[in-house]
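Read the structure below first, then the notes.
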Amino acid sequence: MLYRRRTIQAFLYACVVCSIFSIFYYSYQAWHYTYGTKGPASTWECIGSGRDRQCVVKNFCVDKETGGFAIASSYAHRRRLRNELSVNLINADPDTDFYYEPKAKWQHDVADIPFKNETLFVYGLYTPMHFSHMLFNGLIPLYRNIRKHVDDTSNVWTYRAHVAESASYLGSPLMTTDFFTTGRDLVRDEHELTSPQQMLLPEEPICFREAVVGTRVSCSLSLYCEQPIESYIYAAFREATLNYYVKEDHWKQHNKESSLHGTNRDDQACVETMREFKTAVTSNKPTRVIGVINRGGSRHITNLQQVMDAILDSATERNYILRVLDFDKGCSLASTAYVMKDVDLLLTPHGSQQGGAVFMKNNSVVISINARGYSENWFAFPLTAMGRRFYNFECQSSICVDKDLERAQRTLASYDIPIPPEDILDDCLTWENDRSPDGCLIAYFDKMHIEHNPDRLQFAIGQYHKDAPRKIDVTRFMAFFEETIKEMDDFEAMSYRQICDLEKCCGYSCDDVLGPVVYGSALEGRLLAWPQDGIGSLHHSWQE
Numbered sequence: 001m002l003y004r005r006r007t008i009q010a011f012l013y014a015c016v017v018c019s020i021f022s023i024f025y026y027s028y029q030a031w032h033y034t035y036g037t038k039g040p041a042s043t044w045e046c047i048g049s050g051r052d053r054q055c056v057v058k059n060f061c062v063d064k065e066t067g068g069f070a071i072a073s074s075y076a077h078r079r080r081l082r083n084e085l086s087v088n089l090i091n092a093d094p095d096t097d098f099y100y101e102p103k104a105k106w107q108h109d110v111a112d113i114p115f116k117n118e119t120l121f122v123y124g125l126y127t128p129m130h131f132s133h134m135l136f137n138g139l140i141p142l143y144r145n146i147r148k149h150v151d152d153t154s155n156v157w158t159y160r161a162h163v164a165e166s167a168s169y170l171g172s173p174l175m176t177t178d179f180f181t182t183g184r185d186l187v188r189d190e191h192e193l194t195s196p197q198q199m200l201l202p203e204e205p206i207c208f209r210e211a212v213v214g215t216r217v218s219c220s221l222s223l224y225c226e227q228p229i230e231s232y233i234y235a236a237f238r239e240a241t242l243n244y245y246v247k248e249d250h251w252k253q254h255n256k257e258s259s260l261h262g263t264n265r266d267d268q269a270c271v272e273t274m275r276e277f278k279t280a281v282t283s284n285k286p287t288r289v290i291g292v293i294n295r296g297g298s299r300h301i302t303n304l305q306q307v308m309d310a311i312l313d314s315a316t317e318r319n320y321i322l323r324v325l326d327f328d329k330g331c332s333l334a335s336t337a338y339v340m341k342d343v344d345l346l347l348t349p350h351g352s353q354q355g356g357a358v359f360m361k362n363n364s365v366v367i368s369i370n371a372r373g374y375s376e377n378w379f380a381f382p383l384t385a386m387g388r389r390f391y392n393f394e395c396q397s398s399i400c401v402d403k404d405l406e407r408a409q410r411t412l413a414s415y416d417i418p419i420p421p422e423d424i425l426d427d428c429l430t431w432e433n434d435r436s437p438d439g440c441l442i443a444y445f446d447k448m449h450i451e452h453n454p455d456r457l458q459f460a461i462g463q464y465h466k467d468a469p470r471k472i473d474v475t476r477f478m479a480f481f482e483e484t485i486k487e488m489d490d491f492e493a494m495s496y497r498q499i500c501d502l503e504k505c506c507g508y509s510c511d512d513v514l515g516p517v518v519y520g521s522a523l524e525g526r527l528l529a530w531p532q533d534g535i536g537s538l539h540h541s542w543q544e
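Residue numbers (UniProt numbering): 1 to 544.
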């Protein structure tokens, strides 16, 4: 009994002590909250709504624990913060939207933290290991956003708060901001540390006087963009990158630093493997630099050497520099700027490498070589927004058809389509009698009573056509090439709108691009990239 009594007494004593301690602790917290040292509270102003909402937050902090927080002064203030600061960071398809919602901390939590007198730009990336998605869905929208908020970009900090559609096995991000700022690019994952500029979120908070959250879904694709990338933004981007990487000769150092950070990329491969072939005729006409990019895997042009020989043989009135490039082994933003800076005409299969056109000269042309049965205008949107002439060169003749039986079998299998005997599949891929491969296969499956999904089959064959090898009709191409080179001289003094008015800026089927991007005659001018020209009546596509 004595032991039990003493145990109860000890327990009660402990409760009293804990109660007294709690009273003192919470009294101190209440005093500290009311009278103690406080950091500044956050305020914010937002524009837009839904997907293209953007908020400018005064007094904003980032750290590893929270991934970013605003500073609350009261419970009501914290509720408002949580309700109002929800901003989409991704400039791509709505399916990939990510609404960033910063956490909240109290003023006394940041009482002893100095605030940087800089602006932090909070952004997201979509598939940053894919050069053109990194560029057109990430870096250039970020660059536009920064240019619209600050005059001097040299010290801004950035924070990559989310990456959509990414996985480490796909490669390291190609993103960089070193050409316009010495500020750090804060990231959340070690995989994103690709240069000395990137920095993991710190354990201790870093606070900024201002943060701009979101880029308002700014891009050139009318399929999903809410705000345009204006032509003058593309021009400023080109000037900034070429000044830093080429004129100031930082491209080698950039690539060296990338390799030291274990990106498992050879960012200089496209420079080291570059080959040039020059003609030597007596001419007063300007020499034209022709960039040629092939792909070693998918979308390979199988008779490209024949085309190159034809171009060199055609040099009777002017000289050509034929620059043959290989992007398969790696090409950073810096290297791409270096090899593309003076290109007049780019000949390449459809693909990510076409994004390098942003570094090409004004009045330049991109000719995209497509396999029979496939053509798309994805690149036409940003290229017309920046002022590049663009043409989808798709051959409808059997002489352009090349086949990859194994690729076709893999593609059908990936869509759960029955794989026919090799001789049947081979025949269907030839476009014999102008019958499409999907039509040929559907007829075969129906004849043999093989169950299949026609819609899925058409989708699978479309994917095969996108990636299939392709040939160029050399005779037809050379006629188009020589006319295009001549037009470069004729159009030298013209504005891009004037070239489009001549129906010579985008083809062969570009009305859906020219309307929103060049003329503003679609989408109420929302994505007009040439505001200096105003909204105009649509002129139609460039035809051979």
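For each residue, glycine too, the CB sits at the ideal point set by N, CA and C.
Checklist entry - Opposite residue 545 in the DSSP bridges: which residues? => result Any property of residue 545 remains undetermined from this structure, which presents the chain solely from 1 to 544.
Checklist entry - Which of the three DSSP states, helix, strand or coil, is assigned to residue 455? => result helix
Item to check | residue 57 versus 74, 121 and 66, residue with shortest Cα-Cα distance | outcome: The alpha carbon of residue 57 has as its nearest neighbour, out of 74, 121 and 66, the alpha carbon of 121.
Checklist entry - If we ignore side chains and look at the alpha-carbon of each, how far apart do residue 197 and residue 530 end up? => result Each residue's Cα considered, the two are about 33 Å apart.
Checklist entry - Taking C-alpha atoms, which residue in 364, 393 and 385 lies nearest to residue 374? => result 393
Next on the checklist: Just to confirm before moving on: does the CB-CB distance between residue 69 and residue 114 stay below 7 Å?
Outcome noted: no
Next on the checklist: On the CB-based measure, 16 or more other CB atoms within 10 Å of its CB, does residue 30 come out buried or exposed?
Outcome noted: Residue confidence is low: residue 30 scores 48 on pLDDT, short of 50, so the model does not pin down where it sits. No coordinate-derived value is stated.
Item to check | Extent of the continuous alpha helix (DSSP H) run through residue 423 | outcome: 422–428
Checklist entry - Which word fits residue 305, buried or exposed, when buried means at least 16 other C-beta atoms lie within 10 angstroms of its C-beta? => result exposed
Item to check | Buried/exposed call for residue 162, threshold 16 Cβ in 10 Å | outcome: buried
Next on the checklist: Using the Cβ count rule (16 or more neighbours within 10 Å means buried), how would you classify residue 130?
Outcome noted: buried
Checklist entry - Sorted by chain position, which residues of the same chain lie with C-beta nearer than 7 Å to residue 66's C-beta, five sequence neighbours on each side aside? => result 103
Checklist entry - When we look at the beta-carbon of residue 337 and count the other beta-carbons within 10 Å, is it buried (16 or more) or exposed? => result buried
Checklist entry - Considering only the beta carbon of each residue, do residue 238 and residue 359 sit closer than 7 Å? => result Taking 7 Å as the Cβ cut-off, residue 238 and residue 359 qualify as a contacting pair.
Item to check | 7 Å Cβ cutoff met for residue 179 and residue 244 | outcome: yes
Item to check | Between the CA atoms of residue 321 and residue 284 - distance to the nearest angstrom | outcome: 15 Å
Item to check | residue 198 in three-state terms, based on DSSP | outcome: strand
Next on the checklist: To the nearest angstrom, how far is the alpha carbon of residue 227 from that of residue 342?
Outcome noted: 30 Å
Checklist entry - In its own chain, which residues sit with a C-beta less than 7 Å from the C-beta of residue 452, not counting the 5 before and 5 after it? => result 417, 418 and 445
Checklist entry - CB residue 251 to CB residue 334, shorter than 7 Å? => result yes
Item to check | Length of the line joining the Cα atoms of residue 525 and residue 537 | outcome: 11 Å
Next on the checklist: Along the chain, where does the beta strand (DSSP E) containing residue 83 start, and where does it finish?
Outcome noted: Going by DSSP, residue 83 is part of no beta strand (DSSP E) but of the alpha helix (DSSP H) stretching over 75–84.
Checklist entry - Are there 16 or more other CB atoms within 10 angstroms of the CB of residue 268, so buried, or fewer, so exposed? => result buried
Checklist entry - Counting Cβ pairs closer than 8 Å, one from the region 469–478 and one from the region 297–304, do we hit at least three? => result yes
Checklist entry - According to the neighbour-count rule (16 or more other Cβ atoms, all chains shown, within 10 Å of its Cβ), is residue 159 buried or exposed? => result buried
Next on the checklist: Quick test of the definition: if touching needs 3 or more C-beta pairs under 8 Å, does the region 485–493 touch the region 349–356?
Outcome noted: no
Item to check | Rounded C-alpha distance that separates residue 543 from residue 508 | outcome: Their backbone Cα atoms lie some 5 Å apart in a straight line.
Checklist entry - So the alpha helix (DSSP H) residue 163 belongs to, where does it begin and stop? => result First-last for residue 163: 157–164, but that is the beta strand (DSSP E), not the alpha helix (DSSP H).
Checklist entry - Looking at the structure shown, is residue 325 part of a helix, part of a strand, or coil, going by DSSP? => result strand
Checklist entry - Is it buried or exposed for residue 421, if we count other Cβ within 10 angstroms and need 16 for buried? => result exposed
Checklist entry - Among residues of its own chain, excluding the 5 on either side of residue 94, which ones have a beta-carbon nearer than 7 Å to its beta-carbon? => result Non-local C-beta neighbours of residue 94 in its own chain, meaning closer than 7 Å and more than five positions away in sequence, comprise 51 and 224, ordered along the chain.
Next on the checklist: Restricting to Cα atoms, I'd like to know which of 483, 186 and 176 is closest to residue 621.
Outcome noted: The structure shown has nothing for residue 621, since the chain only spans 1 to 544.
Item to check | Where the beta strand (DSSP E) containing residue 391 begins and where it ends | outcome: 389–394
Checklist entry - With 16 other CB atoms within 10 Å as the buried threshold, where does residue 210 fall? => result buried
Checklist entry - Looking at residue 111 and residue 215, is the spacing between their C-beta atoms short of 7 Å? => result no
Item to check | Minimum C-alpha distance to residue 460 - residue among 412, 515 and 270 | outcome: 412
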